[in-house]
Amino acid sequence: MKYLILLSTSILIASTTVVQAQETSGIIFHKSHEIKKQSAPYSDVVEAGNLFFLAGQIGMDHSTRTMVEGGIKVETAQAIQNIVEALKQHGLTIDQVVKCTVILSTMDDFAAFNEVYAEHFKKKPARTTFAAAGLARNAKVEIDVIAVKN
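Residues in the sequence shown are numbered from 739 upward in steps of one, following this note's numbering.
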């Protein structure tokens with residue numbers, strides 16, 4: 739009988755712990771820290787437990803809402819700066835990025851893009867890179883990331 743009570747108590751404690759973990763790891767769709775983007779039909783950052791999924795960033799200067807000029811290297815640097823700013827709003831740094839997805843308007847820009855990328859992503863997160871025609875605002879690059887908060 740003692741064994742049965744002990745087993746029942748253990749199962750109850752374990753199931754309570756699982757339920758509490760699920761409740762505290764809910765999904766949060768964060769509003770953008772950029773006021774002009776708060777009406778966009780997507781979230782800049784979605785938090786799921788300790789994972790942070792950032793929407794893709796392009797080489798747009800958010801203070802002027804215009805694309806930076808100067809080619810793939812300048813656009814890449816601005817896109818990464820936009821990522822850094824979004825991460826900072828959630829107490830994260832670029833070193834906590836574990837996955838990047840990179841979309842280039844042409845693979846001809848890969849080497850120049852990679853030079854700038856390598857300067858910023860020192861931890862070398864996993865990455866997928868491909869080319870697609872027709873990025874938003876005629877951008878040359880778009881980058882989205884997943885970060886982990888420890």
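Built from N, CA and C at the ideal position, the CB exists for glycine as well.
> Quick one: Cα of Gly797 to Cα of Thr804, how far?
Replying inline: Along the sequence shown, read from residue 1 onward, the residue named residue 797 stands at position 59. Along the sequence shown, read from residue 1 onward, the residue named residue 804 stands at position 66. Looking at the two C-alpha atoms, the distance is approximately 9 Å.
> Under the DSSP definition of a beta bridge, which residues are partnered with His768?
Replying inline: Locating residue 768 in the sequence shown gives position 30, counting from the first residue. For His768, which the question treats as bridged, DSSP gives the partners Val783.
>> Quick check on DSSP: helix, strand or coil for Glu807?
In response: Against the sequence shown, residue 807 aligns to sequence position 69. The answer is coil: DSSP assigns Glu807 none of H, G, I, E or B.
>> Suppose only complete runs of 4+ residues qualify. What are the alpha helix (DSSP H) ranges in the stretch 810-873, listed by chain order?
In response: 810-826, 848-858
> Going straight from the alpha carbon of Lys887 to that of Arg875, what length do you get?
Replying inline: Working through the sequence shown from its first residue, we reach residue 887 at position 149. Working through the sequence shown from its first residue, we reach residue 875 at position 137. Roughly 31 Å between the two C-alpha positions.
>> Out of Ala856, Lys860, Asp782, Ala870, which one is the CA nearest neighbour of Lys811?
In response: Indexing the sequence shown from 1 puts residue 811 at position 73. Per the Cα distances, Ala856.
>> Assuming contact is defined by CB atoms lying nearer than 9 Å, are Leu830 and Phe790 in contact in what I supplied?
In response: Looking up residue 830 in the sequence shown gives position 92. Looking up residue 790 in the sequence shown gives position 52. Going by C-beta atoms, Leu830 is nearer than 9 Å to Phe790.
>> So Asp847 and Ala793 are supposed to be a Cβ contact under 8 Å. How far apart are they, rounded?
In response: Walking along the sequence shown from the start, residue 847 turns up at place 109. Walking along the sequence shown from the start, residue 793 turns up at place 55. About 21 Å separates the two Cβ atoms, so there is no contact after all.
>> By the three-class DSSP mapping on this structure, what secondary structure does Ile773 have?
In response: Here the question's residue 773 lines up with position 35 in the sequence shown. Reduced to three states, the DSSP call for Ile773 is helix.
> With C-beta atoms as the reference, is Thr839 less than 9 Å away from Thr866?
Replying inline: Here residue 839 is taken as the residue at index 101 of the sequence shown, counted from 1. Here residue 866 is taken as the residue at index 128 of the sequence shown, counted from 1. Result yes, Cβ atoms of Thr839 and Thr866 sit closer than 9 Å.
>> Among Ala849, Lys860, Asn820, whose alpha-carbon lies nearest the alpha-carbon of Leu880?
In response: Your numbering for residue 880 matches position 142 in the sequence shown. Note that residue 880 is Glu in the sequence shown here, rather than Leu. Ranking Ala849, Lys860, Asn820 by Cα distance to Glu880 puts Asn820 first.
>> By the three-class DSSP mapping on this structure, what secondary structure does Ala752 have?
In response: To locate residue 752, count along the sequence shown from 1; it is residue 14. Low confidence applies to Ala752: its pLDDT is 44, below 50, so where it sits in the model is not reliable, and the reading given next is rough at best. If DSSP states are grouped into helix, strand and coil, Ala752 belongs with the helices.
>> Going by DSSP, what residue range makes up the beta strand (DSSP E) through Ile884?
In response: Here the question's residue 884 lines up with position 146 in the sequence shown. First-last of the beta strand (DSSP E) with Ile884: 879-886.
> Can you give the Cα-Cα distance for Ile884 and Lys861, rounded to whole angstroms?
Replying inline: For this step, residue 884 is matched to residue 146 along the sequence shown. For this step, residue 861 is matched to residue 123 along the sequence shown. Spanning the two alpha carbons is a distance of roughly 13 Å.
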